[in-house]
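Heads up, the thing below is written out as structure tokens.
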Amino acid sequence: MADNTDKPNVVVQTAVPHLRVTTTRPPFNPAPAVRKNLPNAGTARANRAPTTTAPEGTPAWAESHAHQTVLQQHCAFFDTDSDGVIWPLDTYRGFYALGFGVLLSLLAVLIIHANFSYPTCPGLLPDPFFRVYVNNIHKAKHGSDTGTYDNEGRFVPQKFEDFFNKYSNGHDGITLTDLWEALKGQRVIMDPVGWGGAFFEWIATYILLWPEDGVLRKEDVRRVYDGSIFVEIASKHAGTAKTKAA
615 MADNTDKPNV
625 VVQTAVPHLR
635 VTTTRPPFNP
645 APAVRKNLPN
655 AGTARANRAP
665 TTTAPEGTPA
675 WAESHAHQTV
685 LQQHCAFFDT
695 DSDGVIWPLD
705 TYRGFYALGF
715 GVLLSLLAVL
725 IIHANFSYPT
735 CPGLLPDPFF
745 RVYVNNIHKA
755 KHGSDTGTYD
765 NEGRFVPQKF
775 EDFFNKYSNG
785 HDGITLTDLW
795 EALKGQRVIM
805 DPVGWGGAFF
815 EWIATYILLW
825 PEDGVLRKED
835 VRRVYDGSIF
845 VEIASKHAGT
855 AKTKAA
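Numbering (our numbering), first residue to last: 615 to 860.
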């Protein structure tokens, strides 16, 4: 009897042969062996970001941030005093520490706080200092994205895997060309805020990771989602700066 543990689930039809978009963008349709390592992929995880290559997410990071959703964990690096409030200066310092330089860090502050401050405010009045409130960061979720964060800030493995399965062309990551196709493919109608938000986030991710071969690795992107990679990158930049100063 043939071993089908490594073959996709052929029982589920994921494409209509004459409809090209359904054949060129196949969703994540895992083989039994993969489903065993990543069970219930469609169920959102509150405080872990598991994928097929990292079934436990980032264990140490997740344990130390178990009180936060994955979206809140994504923001944790910028909330340096852990008071749940991110000031524009916090965002500037965070992006600068990640190697974005003065101008790009200022641009990030403008985009993030102009768009995310009011949706996350605890009251009806806007915050006069344009602060972002981490407890309400789920309210800043926009459309035309991957859907990996759900509306409550949890991580949905199925959506993450869907994105890479559809646009990576069989590679372990995505190139800028793939990314452009992904941005077009994920767009929904009448959503300029979502289009702009997705573009900004992916370009920022590319600049942050800056892969030498031009391929954004799936595991690196996963760690951007849960925020665990930020401290590592900031430490590298700090070490490089010290070396140059010496």
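Quick reminder that beta carbons are idealized off the backbone N, C-alpha and C, glycines included.
Thinking residue i and residue j are a contact (beta carbons under 8 Å), I'd like their distance in whole angstroms, please.
| i | j | result |
| --- | --- | --- |
| residue 841 | residue 690 | 5 Å |
| residue 746 | residue 762 | 20 Å between Cβ atoms; not a contact. |
| residue 646 | residue 655 | With 8 Å as the limit, residue 646 and residue 655 do not qualify as a contact, their Cβ atoms being about 13 Å apart. |
| residue 730 | residue 718 | Actually they are not in contact, since the Cβ atoms of residue 730 and residue 718 sit about 17 Å apart, beyond 8 Å. |
Give the single residue among the options whose Cα lies nearest to the Cα of residue i.
| i | options | result |
| --- | --- | --- |
| residue 773 | 642, 697, 822 and 830 | 642 |
| residue 665 | 796, 779 and 852 | 779 |
| residue 833 | 669, 739, 626 and 628 | 669 |
| residue 698 | 749, 679, 725 and 717 | 749 |
| residue 648 | 627, 739, 771 and 696 | 771 |
| residue 816 | 790, 674 and 632 | 790 |
| residue 714 | 828, 819, 826 and 825 | 819 |
| residue 660 | 667, 769 and 692 | 769 |
| residue 792 | 824, 764 and 828 | 828 |
Just to confirm, is the Cβ distance from residue i to residue j under 8 Å?
| i | j | result |
| --- | --- | --- |
| residue 639 | residue 737 | no |
| residue 861 | residue 839 | Nothing in the structure corresponds to residue 861, since the chain is present only between 615 and 860. |
| residue 787 | residue 830 | yes |
| residue 706 | residue 720 | yes |
Would you mind sorting residue i into buried or exposed? The rule is 16 or more other CB atoms within 10 Å of its CB.
| i | result |
| --- | --- |
| residue 728 | exposed |
| residue 803 | exposed |
| residue 658 | buried |
| residue 837 | buried |
| residue 615 | Its pLDDT being 48, under 50, residue 615 is placed unreliably by the model, and the measurement read from it follows with that caveat. When all chains shown are included, residue 615 counts as exposed. |
| residue 776 | buried |
| residue 835 | buried |
| residue 760 | buried |
| residue 674 | exposed |
| residue 723 | buried |
Who are the Cβ neighbours of residue i in its own chain at under 7 Å, not counting the five residues just before and after it?
| i | result |
| --- | --- |
| residue 767 | 683, 684, 685, 686, 751 and 752 |
| residue 630 | 636 |
| residue 756 | 807, 808 and 811 |
| residue 805 | 757 and 758 |
| residue 725 | 814 |
| residue 754 | 730, 733 and 734 |
| residue 801 | 758 and 809 |
| residue 667 | 832 and 833 |
| residue 692 | 700, 704, 705 and 708 |
| residue 764 | 658 and 770 |
In its own chain, which residues sit with a C-beta less than 6 Å from the C-beta of residue i, not counting the 5 before and 5 after it?
| i | result |
| --- | --- |
| residue 662 | 671 and 676 |
| residue 796 | 781 |
| residue 741 | 731 and 735 |
| residue 651 | 669 |
Within a Cβ cutoff of 8 Å, which residues of the same chain sit near residue i, ignoring the five residues on either side of it in sequence?
| i | result |
| --- | --- |
| residue 853 | none |
| residue 712 | 822, 844, 847, 848 and 851 |
| residue 744 | 702, 727, 728 and 731 |
| residue 694 | 704, 707 and 708 |
| residue 632 | none |
| residue 628 | 636, 640, 641 and 643 |
Are the C-beta of residue i and some C-beta of chain B separated by less than 8 Å?
| i | result |
| --- | --- |
| residue 808 | Absent here is chain B; the protein component of the structure consists of one chain. |
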